[in-house]
Structures are given as C-alpha cells and as structure tokens.
Amino acid sequence: MALPHDLLAVARDLREKEFPTEATLRRSVSTAYYALLHLLIHEACSNWARPEHRSNLARAFEHKQMLAASEKQRSKYKDAAENSTEKYLFRVAQAFVQLQQKRELADYDYSIHLPLDRAQFALGQAEKAFISREIIRNEQITQDYLSSLLIRDRIAKQPEWGG
Amino acid sequence: MPITAAGFVNQKEIMSAVQRVESKFAREVHHIRYNLGENWIGAPSIFFRVVVRDEAARIDLLLELSERISISLMNEARTDENGLYAYFDFTSVSEQAKRQDPDWA
Numbered sequence: 027m028a029l030p031h032d033l034l035a036v037a038r039d040l041r042e043k044e045f046p047t048e049a050t051l052r053r054s055v056s057t058a059y060y061a062l063l064h065l066l067i068h069e070a071c072s073n074w075a076r077p078e079h080r081s082n083l084a085r086a087f088e089h090k091q092m093l094a095a096s097e098k099q100r101s102k103y104k105d106a107a108e109n110s111t112e113k114y115l116f117r118v119a120q121a122f123v124q125l126q127q128k129r130e131l132a133d134y135d136y137s138i139h140l141p142l143d144r145a146q147f148a149l150g151q152a153e154k155a156f157i158s159r160e161i162i163r164n165e166q167i168t169q170d171y172l173s174s175l176l177i178r179d180r181i182a183k184q185p186e187w188g189g
Numbered sequence: 125m126p127i128t129a130a131g132f133v134n135q136k137e138i139m140s141a142v143q144r145v146e147s148k149f150a151r152e153v154h155h156i157r158y159n160l161g162e163n164w165i166g167a168p169s170i171f172f173r174v175v176v177r178d179e180a181a182r183i184d185l186l187l188e189l190s191e192r193i194s195i196s197l198m199n200e201a202r203t204d205e206n207g208l209y210a211y212f213d214f215t216s217v218s219e220q221a222k223r224q225d226p227d228w229a
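Sequence order for the protein chains is A and B.
With the working numbering, you'll find the first sequence wraps up at 189, consecutive numbering, no jumps.
With the working numbering, you'll find the second sequence wraps up at 229, consecutive numbering, no jumps.
Okay, structure coming up:
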C-alpha cells in the first residue's frame with residue numbers, strides 16, 4: 027500500500043517548500059501524523075485474512091484507542107536496550123503519541139506559532155518511526171501492538187476465586 | 125497543586141527532576157521549561173520544551189538526542205507514576221533568540 031509512504035512524501039514536500047508559510051508547515055505536521063496513522067492501520071489490517079473486508083476494518087480504528095495502546099507501549103519499553111526490538115517499538119509508539127498531539131495543535135490551535143525547525147523535527151520523528159517499524163515488522167510484540175491499536179485489553183486481572 | 129488520575133502532582137519534585145536532566149545533558153541542553161495541562165483527549169499531561177545548544181540542533185543529532193532526553197525526563201519526573209502523558213518539543217538557542225517566545229524563555 028502506497029498511501030502511508032505517499033503521505034510522508036507529501037509532508038516532506040510541504041516542509042521543503044522554498045518559502046514555507048505557517049499553513050504549509052501546519053499541513054506538513056498534520057500529514058506526517060496521518061502518514062504514521064495509516065501505516066499502522068494498514069499493517070494491522072493486513073493481518074485480516076479476507077482482503078475484501080480490510081477497508082471496512084480500517085474504519086474501526088479510533089484515535090483515542092490508538093493513543094492508549096501507544097502510551098502503554100512507550101511506558102513499557104522506554105528503558106529497553108539500544109537496538110532491541112522493544113526499543114524500536116518504543117520509537118514507533120513514542121512518535122505516534124507525540125505526532126498525534128502535534129497534529130491537534132497544527133490543525134486547530136491558533137495560539138501557537140509553528141516554526142520551520144519544529145515542523146522539521148515532527149517530520150523527522152515520523153520518518154524515524156517508519157524506519158523502526160520496518161525493522162521490527164514481523165516481530166511478535168509488533169503484531170501484539172498492532173492488534174492493541176484496535177482491540178482494548180479486556181484481561182484486567184486474574185479472577186479471585188473464593189474458598 | 126494540579127490533580128491527575130494518580131493524585132496530586134508535586135511540582136517541586138518535577139522541578140527538581142527537570143534540573144537533574146538539565147545537569148545530565150548540560151553539554152547539549154541550554155534549558156528546559158514545562159507546563160502541566162491537558163492533551164487533546166483532556167487527560168492530564170506535561171508539556172516539556174527543551175532548548176538545545178546550537179551544536180546539538182542538527183536534525184539527525186537532535187532526533188537521537190531528543191529520545192535520550194525524553195526518556196530521562198519521563199523517568200526523573202516519573203510521568204507514568206504521576207498519571208501524566210508526557211509531550212516533548214525541541215528548539216535551538218539561536219531559533220529561540222530569533223523568536224523570543226516567552227513560553228520557551
């Protein structure tokens with residue numbers, strides 16, 4: 027699927043404009059978030075065996091649940107060893123959490139000024155997340171993360187049996 | 125004193141945590157500012173603004189450095205334990221000098 031990578035390219039084009047305006051930089055940050063969002067949704071949906079159902083499944087993802095799932099991963103793996111699978115997953119989750127908040131500001135908050143360096147940093151975070159995800163795409167914890175983006179963890183604790 | 129899902133947030137502890145991270149990264153970091161607020165879903169959050177020295181501000185260096193600083197701030201300020209979503213933004217000394225943004229000063 028080309029959409030996530032195309033979106034990332036659009037974000038890059040917007041940021042690299044010769045005379046970027048506040049509007050182009052805001053669109054760049056917002057698009058960088060959507061590039062990562064669609065990458066994760068696409069990867070999660072590709073696990074669904076029937077391709078004809080995947081586009082409907084993709085509509086079931088919610089930003090809020092994706093935030094909760096990503097926050098859990100970044101908290102769990104922030105101290106993972108360098109170059110470990112867990113550290114790469116941390117980078118993906120961290121980028122998602124950060125970019126989602128930046129997207130909100132870029133799209134809706136008139137009170138902030140978004141300069142070039144901060145737009146460039148946001149784009150860099152998205153690019154790094156794409157690379158990290160590619161490195162760990164077939165790992166079990168990556169697949170577990172992808173499913174958690176859609177499905178809430180319902181196993182809160184072991185039942186307490188009386189007696 | 126702000127209240128989060130985890131209870132009260134001790135601002136003195138957070139300030140000390142920030143100072144420890146500033147010291148740890150003194151070669152790269154000029155200063156760190158923060159504020160408590162809510163993220164886009166209305167959850168208690170802390171927003172860190174890190175001003176790095178110009179030598180550390182090249183984008184490839186900054187991406188690597190930002191990860192180390194972010195993790196250090198999360199651990200020192202115990203953002204998870206305090207029930208806070210942690211957000212980070214970065215700029216350089218020279219960019220801040222141009223913009224004179226009071227939130228980053």
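The beta carbon of each residue, even a glycine, is placed where N, CA and C say it ideally should be.
Computed from a prediction, not measured in an experiment: that's the story for all the values here.
Closest in alpha carbon position to A/LYS128, among A/PRO46, A/THR57, A/LYS43, is A/THR57. In the three-state reduction of the DSSP assignment, B/VAL142 falls in the helix class. When C-beta distances to chain A are compared with 8 Å, the residues of the region 195 to 213 of chain B below that value are ILE195, MET198, ASN199, ASP204, TYR209, TYR211, PHE212, ASP213, in chain order. Collapsing the DSSP output to three states places A/PHE156 in a helix.
In the structure shown, the three-state DSSP call for B/THR203 is coil.
For B/ALA181, a Cβ of chain A is located within less than 9 Å of the residue's own Cβ. In this structure, A/ARG159 and A/LEU65 form a Cβ contact; the two beta carbons are roughly 7 Å apart against a cut-off of 8 Å. A/PHE122 is not bridged by DSSP to any residue.
In this structure B/TYR211 is not in contact with A/GLU97, their Cβ atoms being roughly 11 Å apart against a cut-off of 8 Å. Taking 9 Å as the cut-off, the Cβ atoms of A/ASN82 and A/SER173 do not count as close. In the DSSP assignment, B/ARG177 falls outside any beta strand (DSSP E) and carries neither an H nor an E.
Within chain B, no C-beta atom comes less than 8 Å from the C-beta of A/PRO30; the nearest is roughly 19 Å away.
Contact between A/PHE147 and B/PHE214 holds, since their C-beta atoms are separated by about 6 Å, short of 8 Å.
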